[in-house]
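As structure tokens, the structure follows; a few thoughts come after it.
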Ligand code: UDX
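Numbering (our numbering), first residue to last: 1 to 443.
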């Protein structure tokens, strides 16, 4: 085992991006991954998911011998002083976060630390939680270390939440708006400040509970902005106002800001839905009223319903009609289809006995494996032109940049009826009209 400064547990989204980006800063790391297939893939230079820039940086880091992948957690714990925990925290049936993987990593660390002979000069380990975890988790892990870490060196636990977005994860990591360090000791702060010494952004140092809450509160606030603008969008529809211009007009106000005011089919993915239900579960547990967040979830859950109403309004009978879903991923530049609105829209269309055709530049394989029963009833096309040929209508669900480059005139000419519903307010209405679409409808 080579000597490394940092070990990262979990080669999922957060773990791999963290490791590769820190390696690019000159740190030497090892990534601990239990999944054999994932490990083999990583060792051959490939990530288990698509993320722009990531594989190139992984190749550079591996070439410079700054990143290693292992399933030997003992080696990692012995060698590194700084241990990042980046394992998954999926939702349990009641919406709260499942922390079993986080606990398991801590148990593993304690086991190896207990076995390790403590040296005189040994200053102990810093365990840093990067996974999104309920408030109080770092504190509990520290208690766990105190109670069960018999013979282990001094273990400090810090919280250092990650704010990266899929599709721009590398850029978000390298140019963060802020770095949040939650710690109970000066050593943790010093070690993390040193890790991030080359980053030019505000660094907020606080206690671990506050750091953990910053992550949940940030994601919940962004999700609230989206549901808010979607509610306004429904109102705009009724009173014939243009939601895109309303959002732009609001966004110029610096107190509001232009970002996360894009109305449409709503938010999906692995973070917002999961973090909102985790935070509402915390509220319920502590008898704090969190109806505001519940409504944010409710507005989002109803977006596909609104789209269906709109489709029926425009297309009348859906039974027997062929409707094309352009875009399946929850956002562009990713192959992630977790909690994607497309699955819910497809389900509803099939219920109406419409024929569903789908095309996505990157997400079709993941869609088929995550929703096998649904996928069996969908026809997947090789490209957007083939998907739309002889269809009765198109619903644009993901704002993939390549969709802007399509020859929309060619598409409309080959359809049974030139109808398109842009559920992302992405394409230019004038261009669609010019391309022969009867009405560039929006939702
Ligand atoms: C989010 C947070 O942004 C990030 O800080 C956190 O670390 C993880 O969760 P991510 O889920 O990758 O990141 O994507 P994001 O770009 O935030 O989009 C989330 C969802 O909101 C997508 O489905 C997107 O289409 C939707 N969205 C976003 C809107 O509907 N309107 C908007 O204006 C912005």
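In this text, a Cβ means the ideal position worked out from N, Cα and C, and glycines have one as well.
Just to confirm the assignment, what range does the beta strand (DSSP E) spanning residue i have?
i           : result
residue 68  : 67-70
residue 447 : Residue 447 lies beyond the stretch modelled for the chain, which goes from 1 to 443, so this question has no answer here.
residue 264 : Premise fails: residue 264 is in no beta strand (DSSP E) and is neither H nor E.
residue 129 : 125-129
residue 32  : 29-32
residue 329 : No beta strand (DSSP E) holds residue 329; DSSP gives it neither H nor E.
residue 449 : The chain is shown only over 1 to 443; residue 449 falls outside these bounds and no answer can be derived.
residue 180 : 179-182
residue 355 : 355-359
residue 204 : 203-206
residue 7   : 6-9
With a 10 Å radius around its C-beta and 16 neighbouring C-beta atoms as the bar for buried, classify residue i as buried or exposed.
i           : result
residue 68  : buried
residue 44  : exposed
residue 264 : buried
residue 238 : exposed
residue 440 : With a pLDDT of only 48 at residue 440, under the threshold of 50, the placement of this residue in the model should not be trusted; the figure read from the coordinates follows. Answer is buried; the Cβ neighbour count reaches 16.
residue 431 : exposed
residue 12  : buried
residue 1   : Here the model assigns residue 1 a pLDDT of 47, short of 50, so the residue's position is not dependable and the matter cannot be decided.
residue 268 : buried
residue 442 : Confidence in residue 442 is poor, its pLDDT being 48 and thus under 50, which makes the residue's placement unreliable; the coordinate value appears in the next sentence. It is buried - the Cβ of residue 442 has at least 16 other Cβ atoms within 10 Å.
residue 253 : exposed
residue 100 : exposed
residue 416 : exposed
residue 40  : exposed
residue 390 : exposed
residue 94  : exposed
residue 181 : buried
residue 248 : exposed
residue 201 : exposed
residue 221 : exposed
residue 297 : buried
residue 51  : buried
residue 428 : exposed
residue 433 : exposed
residue 393 : buried
residue 109 : buried
residue 90  : exposed
residue 288 : exposed
residue 64  : exposed
residue 317 : exposed
residue 216 : buried
On the DSSP letters alone, give me the boundaries of the alpha helix (DSSP H) that residue i sits inside.
i           : result
residue 446 : The requested residue 446 is not part of the displayed model; the chain covers only 1 to 443.
residue 145 : 137-148
residue 241 : Run containing residue 241: none; DSSP gives neither H nor E here.
residue 190 : 186-195
residue 24  : 13-24
residue 173 : 169-174
For this session: Measuring from each Cβ to the nearest heavy atom of the ligand UDX, keep the ones under 5 Å and list them in chain order.
Result: 163, 165, 166, 226, 260, 262, 267, 268, 269, 271, 330, 331
Exercise. Where in the region 374-441 do unbroken runs of the beta strand (DSSP E), each at least 3 residues long, occur, reported from the N-terminal end onward?
Worked result: 378-380, 393-396, 420-422
Exercise. Would you call the region 390-407 and the region 419-434 touching, i.e. three or more CB-CB distances under 8 Å?
Worked result: yes
Exercise. Is the region 325-339 in contact with the region 292-306, if contact means three or more CB pairs nearer than 8 Å?
Worked result: no
Exercise. Would the region 210-218 and the region 154-171 be scored as touching if the rule is three or more Cβ pairs under 8 Å?
Worked result: yes
For this session: At 4 residues or longer, and completely inside the region 43-110: list those alpha helix (DSSP H) runs for me, N to C.
Result: 54-63, 73-79
Exercise. With contact counted as at least three CB pairs below 8 Å, one residue from each stretch, are the region 22-40 and the region 53-63 in contact?
Worked result: yes
For this session: Give a yes or no on contact between the region 72-89 and the region 5-13, applying the rule of three or more CB pairs nearer than 8 Å.
Result: yes
For this session: Go through the region 252-340 residue by residue and report every complete run of the alpha helix (DSSP H) that reaches 4 residues or more, in order.
Result: 272-285, 291-301, 303-315
Exercise. Looking at C-beta atoms only, is the number of pairs between the region 351-369 and the region 327-336 that lie closer than 8 Å three or more?
Worked result: yes
For this session: Could you say if the region 400-409 and the region 305-317 meet the contact criterion of at least three C-beta pairs nearer than 8 Å?
Result: no
Exercise. So does the region 131-144 actually touch the region 186-203, counting three or more Cβ pairs closer than 8 Å?
Worked result: no
Exercise. If you pair each beta-carbon of the region 167-183 with each one of the region 275-284, do three or more pairs fall below 8 Å?
Worked result: no
Exercise. Between the region 333-349 and the region 368-376, do at least 3 Cβ pairs fall closer than 8 Å?
Worked result: yes
Exercise. Within the chosen definition, does the region 379-387 reach the region 409-420 through at least 3 CB pairs nearer than 8 Å?
Worked result: yes
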